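In our numbering, the protein residues as written are 128 to 344. In what follows, a structure is listed as structure tokens, so that the remarks can point back to it.
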Amino acid sequence: MQVDPDYPELAHEVLDWFDELAAGGPREITLLEAETDLCGLLRRRGYEGQEGASFFAYHSRPLADLPEPELPAGFVARSVRGAEDLERRVAVHQAAWNSVRVTTESYQVVMSSWPYRPELDWVVEDVEGRFAANCLIWYDDRNGVGLIEPVGTDPQFRRRGLSRAVCLAALHALRDVGASTAIVYPRGDAAYPIPQILYQGMGFRPYARTRTYLKEN
Numbered sequence: 128m129q130v131d132p133d134y135p136e137l138a139h140e141v142l143d144w145f146d147e148l149a150a151g152g153p154r155e156i157t158l159l160e161a162e163t164d165l166c167g168l169l170r171r172r173g174y175e176g177q178e179g180a181s182f183f184a185y186h187s188r189p190l191a192d193l194p195e196p197e198l199p200a201g202f203v204a205r206s207v208r209g210a211e212d213l214e215r216r217v218a219v220h221q222a223a224w225n226s227v228r229v230t231t232e233s234y235q236v237v238m239s240s241w242p243y244r245p246e247l248d249w250v251v252e253d254v255e256g257r258f259a260a261n262c263l264i265w266y267d268d269r270n271g272v273g274l275i276e277p278v279g280t281d282p283q284f285r286r287r288g289l290s291r292a293v294c295l296a297a298l299h300a301l302r303d304v305g306a307s308t309a310i311v312y313p314r315g316d317a318a319y320p321i322p323q324i325l326y327q328g329m330g331f332r333p334y335a336r337t338r339t340y341l342k343e344n
């Protein structure tokens, strides 16, 4: 849940709409813990904070003094070359996430949509031309900030430092287009620690977290 601070009264309207839409069943809302006014409003309306629930940890990193990407022999990092890479780009995403939800058709739509930029869509390629890992960054040029989402490595290529390398290569490209800061939102709870460890190892530091509120009926 997000509300423009210039229009705080809209929070009540949104919650009224949500209560009407989901009447009779449980309602769950996630927002930043730092939104103390909204958290208080939810509690007053019968929502309870869910202790022990999974949450996302918001991390940021300035793009000065980036480490150089280091790759094992036989691998190179590069940006995606449009349609010629489409099938392999989709294949590495599907392998990394063990899912076929992203297809060549859907990713073609992504590639043709704003604010996608091919120079910020990076892969690691092996000597046989297989894509082993990927990192996509979405750039907000108005604020000079890039969001990393998603990152993945094909299971057969894991534990070689490829996720770190492809992220760093993409971050260098992000800096080259004029960004000053990168952000990423990994899970922060103990049940899914690896992404947070990866990003903190590259110099990202947490600055906020989400909290989930539940209203049973």
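Quick reminder that beta carbons are idealized off the backbone N, C-alpha and C, glycines included. Bear in mind the structure is a predicted one, so any value in this text is a computation, not a measurement.
{"Item": "Option in G328, D316, V203, Y134 with minimal Cα separation from A180", "Value": "D316"}
{"Item": "Buried or exposed by the 16-neighbour rule on C-beta atoms within 10 Å, applied to Y340", "Value": "buried"}
{"Item": "Selection from W224, V219, A210 that minimises the alpha carbon distance to S239", "Value": "A210"}
{"Item": "Assigned secondary structure, R336 (DSSP; H/G/I helix, E/B strand, else coil)", "Value": "strand"}
{"Item": "C-alpha distance - S290 paired with R172, whole-angstrom precision", "Value": "43 Å"}
{"Item": "Pick from P277, A150, V130, H139 that is closest to E162, judged by C-alpha positions", "Value": "V130"}
{"Item": "Under the three-state DSSP convention, the category P242 falls into", "Value": "coil"}
{"Item": "Distance between R336 and N270 (C-alpha atoms, nearest Å)", "Value": "21 Å"}
{"Item": "T231 (DSSP reduced to helix, strand or coil)", "Value": "helix"}
{"Item": "Run of the alpha helix (DSSP H) containing Y171, from where it starts to where it stops", "Value": "Correcting the residue type first, residue 171 is Arg in the shown sequence and not Tyr. Taken as a continuous stretch (DSSP letters only), the alpha helix (DSSP H) holding R171 covers 163 to 171."}
{"Item": "Meets three-Cβ-pair contact criterion under 8 Å: the segment 130 to 149 and the segment 300 to 308", "Value": "no"}
{"Item": "Beta-carbon separation (whole angstroms), V293 vs A260, contact threshold 8 Å", "Value": "5 Å"}
{"Item": "Length of the line joining the Cα atoms of L274 and G151", "Value": "37 Å"}
{"Item": "Cut-off 7 Å between Cβ atoms - residues of its own chain near E214, not counting five sequence neighbours on either side", "Value": "T231"}
{"Item": "Rounded C-alpha distance that separates F202 from R338", "Value": "40 Å"}
{"Item": "Given Q177 as reference, the closest of L158, A138, V272 once Cα atoms are compared", "Value": "L158"}
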